[in-house]
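Its first residue numbered 3, the sequence shown is counted upward by one per residue in my numbering.
Beta carbons: idealized from backbone N, C-alpha and C, even for Gly.
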Amino acid sequence: MTDYKIIQTINGPEDVKKLSMEQLEELASEIREALFNRLTKIGGHFGPNFGMVEAEIAMHYVFSSPKDKFVFDVSHQSYPHKILTGRKNGYISDEHFSEDSGYTNPEESEHDFFNVGHTSTSVSLATGLAKARDIKGDKENIIAIIGDGSLSGGEALEGLNVAGSEINSNLIIIVNDNEQSIAEVHGGMYKNLAELRETGGTASNNLFKAFGLDYIYEENGNDIASLISLFRKVKDTDHPIVVHIHTQKGKGYEIAEKDKEGWHWCMPFDRETGKPTISFGDGEDYTSITAEYIMQKAKSDSEFLVITPAMPGSAGLNQEQRKELGLQYVDVGIAEEQAVAMASGAAKNGAKPLVVTNTTFIQRAYDQISHDVCINNSSVTILLNYNSFDSLTDVTHLGIFGLAAYTNVPNLVVLAPTSKDEYLAMLDWSVDQKEHPVMILIPGNQVTYREADKDFNRLNHFKVEEAGEKVAILALGDFYQRGEQLSAKIKAELGFTPTLINPRFASGIDKELLESLSERHQMVITMEDGILSGGFGEKIASFYGSSDMKVKNYGLDKKFYDRYDPNELLKEVGMTPVQIIADICNQIK
């Protein structure tokens with residue numbers, strides 16, 4: 003049991019400044035123990051935080067937050083910063099875990115300026131803070147902290163470009179170089195970072211200087227004394243400077259040091275063995291199904307190409323599989339725009355490209371999806387994971403906006419499979435067809451098995467899984483199983499069999515089927531795993547607008563939910579079977 007002797011005295015950055023060097027070293031050890039306490043029990047970002055303990059101690063020792071403003075990139079590396087800025091209880095006291103979001107959050111502390119969970123944003127945000135400071139005539143330090151492969155994102159390069167030419171005042175960019183993204187780093191800039199590390203920062207080829215930025219290097223990125231000296235040198239600088247520090251991702255836990263990719267983020271685990279302490283069962287999951295499909299398709303079809311923007315884990319592809327794919331696999335770094343545009347080019351030249359990432363990240367490439375792919379009608383397949391409302395619940399990682407965002411892009415066919423059989427059939431059809439750009443939402447439910455069609459050339463053709471009367475349930479994608487549950491409850495409690503429909507196509511409507519429902523039905527219910535505004539249900543409601551058909555859409559409100567309980571959220575939006583049946587009773591005769 004750790005007594006956190008030093009941490010207990012830290013209520014803010016001013017307390018860090020009072021410590022001796024020996025105490026600072028002890029503080030670093032205690033912070034790692036606090037991180038272990040939280041992460042072994044509830045999981046979270048492991049490697050990024052263990053590697054930045056010393057740097058964040060030194061930052062708060064030298065600078066004066068919140069007057070001096072820290073902007074963390076991705077901010078999954080901000081746990082030590084949080085411990086040092088009055089939020090230690092979220093790490094040392096189990097009952098307070100829920101008080102900490104795992105990312106910087108202005109609602110938690112004046113020391114946080116942005117709620118950030120996506121990558122490559124810090125430099126751009128910092129240039130804005132710096133410009134506003136200069137306009138007001140203020141003098142504080144503005145510090146951007148960027149790492150974990152984030153430099154490969156387009157916005158980071160845009161930020162560096164502006165910082166090196168349009169900011170003529172204080173701006174400090176700390177590049178946390180741990181030689182790693184989530185997986186290995188990709189991109190020519192990382193060759194330059196390696197060259198800079200190997201030469202102690204003296205290489206003539208210097209990416210940052212090419213942007214017009216000053217530059218300083220520190221090899222000992224996990225040494226507090228060295229970092230304090232470094233930060234003192236750049237504090238109150240009158241021009242933009244890049245501070246390049248070399249750190250060890252996962253430092254302090256040998257298992258994480260050896261497996262940097264596996265320990266970027268962790269489930270609750272046993273500290274002695276590193277093994278997860280919770281299990282989701284031994285059955286199939288859609289991520290492993292995806293990886294198996296990709297490997298088999300690559301072997302049987304030399305034109306098949308997998309492109310990922312630094313997210314091979316979205317498809318379950320491990321290092322060995324990525325190596326085996328060879329020329330048929332490209333990781334473009336954290337660069338969704340490049341991934342999508344590259345896929346369009348590949349499709350136009352005869353390849354069969356599959357782009358894989360998470361729903362919350364693909365929004366960075368909305369323009370490329372619309373302009374480079376869909377206007378050109380390139381036969382690109384975009385495969386998205388973590389679409390479900392009950393998968394990732396942090397406000398920065400929600401997948402619930404995907405349906406509304408992409409089902410309204412012309413030419414894009416958006417498919418929402420409901421079983422393993424249907425998922426694999428959609429993948430086969432999409433990758434091989436040459437007529438449409440297609441987006442497929444990887445199911446987030448437990449794997450189910452049900453006979454499925456093989457051909458989806460008849461666009462927007464909904465499938466009636468069970469014919470009935472009075473009420474028609476259109477249950478899309480992940481909510482199809484909820485539709486099955488609702489149908490069973492209607493049979494049991496209301497004494498009739500409703501019609502259960504699997505729409506499959508989220509981006510269009512089956513007018514012929516919808517028209518036919520008016521013969522035996524009084525009410526149509528839509529259920530979707532996303533926000534209602536601009537979503538699937540509204541398309542159905544609009545179709546019936548001038549008719550007597552009653553339509554009730556069930557889905558989520560247009561809001562940024564944060565760390566919610568999925569079951570409680572269903573109640574909040576009136577989406578439990580009991581609530582829906584009450585609505586039905588109020589609407590039909």
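Can you tell me where the alpha helix (DSSP H) with residue i in it begins and where it stops?
i	result
residue 361	361 to 364
residue 156	156 to 165
residue 545	538 to 545
residue 425	422 to 434
residue 54	Segment: none, residue 54 is in no alpha helix (DSSP H) and carries neither H nor E.
residue 583	579 to 589
residue 186	Looking at the DSSP string, residue 186 is not in any alpha helix (DSSP H), and its letter there is neither H nor E.
residue 85	81 to 86
residue 344	338 to 350
residue 468	Careful: residue 468 lies outside any alpha helix (DSSP H), inside the beta strand (DSSP E) at 465 to 468.
residue 408	404 to 408
residue 17	15 to 18
residue 496	482 to 496
residue 325	321 to 327
Check whether the Cβ atoms of residue i and residue j sit closer than 8 Å, and answer yes or no.
i	j	result
residue 263	residue 184	yes
residue 119	residue 373	no
residue 479	residue 443	yes
residue 220	residue 209	no
residue 404	residue 394	no
residue 310	residue 358	yes
residue 558	residue 575	yes
residue 414	residue 376	yes
residue 106	residue 80	yes
residue 334	residue 438	no
residue 111	residue 89	yes
So, with DSSP's three-state summary, where would you put residue i?
i	result
residue 76	coil
residue 112	coil
residue 173	strand
residue 253	coil
residue 125	helix
residue 149	strand
residue 71	strand
residue 118	coil
residue 568	helix
residue 533	strand
residue 61	helix
residue 226	helix
residue 137	helix
residue 523	strand
residue 280	coil
Could you pull out every residue in the same chain whose Cβ sits closer than 7 Å to the Cβ of residue i, ignoring the five residues on either side in sequence?
i	result
residue 481	529, 530, 531
residue 433	299, 306, 354, 356, 383
residue 17	11
residue 488	475, 579, 582
If you follow the beta strand (DSSP E) that residue i is part of, which residue opens it and which one closes it?
i	result
residue 387	383 to 387
residue 331	331 to 333
residue 289	That residue, residue 289, is in no beta strand (DSSP E); its alpha helix (DSSP H) goes 288 to 302.
residue 306	306 to 310
residue 191	Per DSSP, residue 191 belongs to no beta strand (DSSP E); it is in the alpha helix (DSSP H), 190 to 200.
What are the partner residues of residue i, as DSSP defines its beta bridges?
i	result
residue 220	247
residue 501	474
residue 47	267
residue 179	248
residue 449	In the DSSP output, where bridge partners are listed per residue, residue 449 has none listed.
residue 555	528
residue 417	442, 507
residue 354	306
residue 314	DSSP lists no partner for residue 314.
residue 144	71
What residues in its chain sit with their C-beta under 6 Å from that of residue i, if we drop five residues either side in the sequence?
i	result
residue 265	48, 49, 252, 258
residue 397	562, 564
residue 492	500
To which residues of the same chain is residue i closer than 8 Å at the C-beta, ignoring the five residues directly before and after it?
i	result
residue 572	578
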